[in-house]
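Taken in order, the sequence shown gives residues 22 to 284; the numbers are from the numbering used here. Here is the structure we will look at.
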Amino acid sequence: MIAGFLTVFGGTGVYANCTNSTAIWSNEGQGVRHIVYGTDGINYGSNIYFEEWRGSQLAWRARGSVTCSNGASTCYGMVRNASGLTGDDETTDVVLETIDADSDGLADWVIFAGLGQKLYYTNGADVNWFNGFQPGNQERVLLPNIYKFLSCRKDKAVQEADTMVEVPEVEIVGAMYAIPAFCARYKTSGSLTPNDLTQDGVWYLDNTKYVGSEFGCKIVSKTETQLNLSCEGEGEHYDTSQNYSMDGLIMRVGDVNLYPCKR
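Printed below as a string of structure tokens:
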């Protein structure tokens, strides 16, 4: 049943060896997703891109770079601002910090300390608008300070265009939250349909699917507290919903805790 479900709704491939170089971090709320990624992630010398997505459409993109002090003891995010100034003043510079909560070498959190506040005083970020979106009257585009690991790019290369007219070839794989038994089996086999996993109930959830031992659901829509699902299971089709919430890095769906499972 699960294999058939993944065929219908599109199975997700295996993207192993996710690193800070190819990672994407996000800040989400009220139907808007902000993401940050870079040509070399958040490492020294990387060109970084900040984007706002409204639903499935890119609204705007800002850009900057990462530099570090001697010995890489302190790193800085340098974001192009809309002040109209030149030289050192054309960027808003803040301390860049990372938190590797599970000590696996991949940053779970990326923090641009006080970025939104500092951008306010430099007329906001310098952005390019896409898909017909336009700034509001006297709007200053301010960026979030804190981003949580979302996923990794399929392609390590980021298309760079000084004009920023073209959308870089970046595709979000999609974060996965899973029960520990499923995640461990997935990391050893690379399979989203492990035949030898006998645990009943929920297995995992990602951006599009909610899957368990006897069912597979497509996420039709979601709010900040509820998933609306279209499901197949035990030979039947049915629509249902599940409450969900986030507690730090833990996602709770119904009465089940799901944990980040990095692909």
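Glycine residues also receive a C-beta, built at the ideal position from the N, C-alpha and C atoms.
Worksheet item: Which parts of the stretch 234-258 are runs of the beta strand (DSSP E), unbroken and 3 residues or longer, counting only runs that do not cross its ends?
Response: 237-243 and 247-254
Fill in: Reference residue 279, options 86, 257, 203 and 89, closest by Cα
203
Item to complete: Would you mind giving the Cβ-Cβ distance between residue 80 and residue 152, rounded to the nearest angstrom? I have them listed as a contact below 8 Å.
Response: 7 Å
Worksheet item: With DSSP run on the structure shown, which of helix, strand or coil describes residue 221?
Response: coil
Worksheet item: Between residue 183 and residue 212, what straight-line distance do the alpha-carbon atoms span, to the nearest angstrom?
Response: Any answer about residue 183 is weak, because its pLDDT of 45 lies below 50 and its placement is not dependable; what the coordinates show is given next. Spanning the two alpha carbons is a distance of roughly 40 Å.
Fill in: Assigned exposure category for residue 106 - 16 Cβ within 10 Å defines buried
exposed
Discussion item. Taking 8 Å as the threshold (C-beta atoms), are residue 230 and residue 237 in contact?
Written reply: yes
Worksheet entry | residue 126 burial status per 10 Å Cβ neighbour count (16 or more: buried) | exposed
Discussion item. Using DSSP's beta-bridge definition, name the partner residues of residue 281.
Written reply: 198
Worksheet item: Looking at the unbroken alpha helix (DSSP H) that takes in residue 159, where does it start and where does it end?
Response: Unbroken run through residue 159: none, as it is neither H nor E.
Worksheet item: Taking DSSP as the reference, what is the three-state secondary structure of residue 110?
Response: helix
Discussion item. Tell me the rounded alpha-carbon separation between residue 264 and residue 77.
Written reply: 23 Å
Discussion item. Let me check understanding here. Comparing Cα to Cα, which of 261, 245, 214 and 258 lies closest to residue 268?
Written reply: 245
Worksheet entry | N-terminal and C-terminal residue of the alpha helix (DSSP H) that residue 137 is part of | 136-141
Discussion item. Relative to the C-alpha of residue 114, which candidate in 130, 272, 165 and 87 has its C-alpha closest?
Written reply: 87
Discussion item. Please return the same chain residues whose Cβ sits closer than 8 Å to the Cβ of residue 99, not counting the five positions on each side in sequence.
Written reply: 85, 86, 87, 88, 112, 113 and 114
Worksheet item: Anyone know if the C-beta pair for residue 145 and residue 102 falls short of 8 Å?
Response: yes
Discussion item. Just verifying my parser: in three-state terms, what is the DSSP assignment at residue 262?
Written reply: strand
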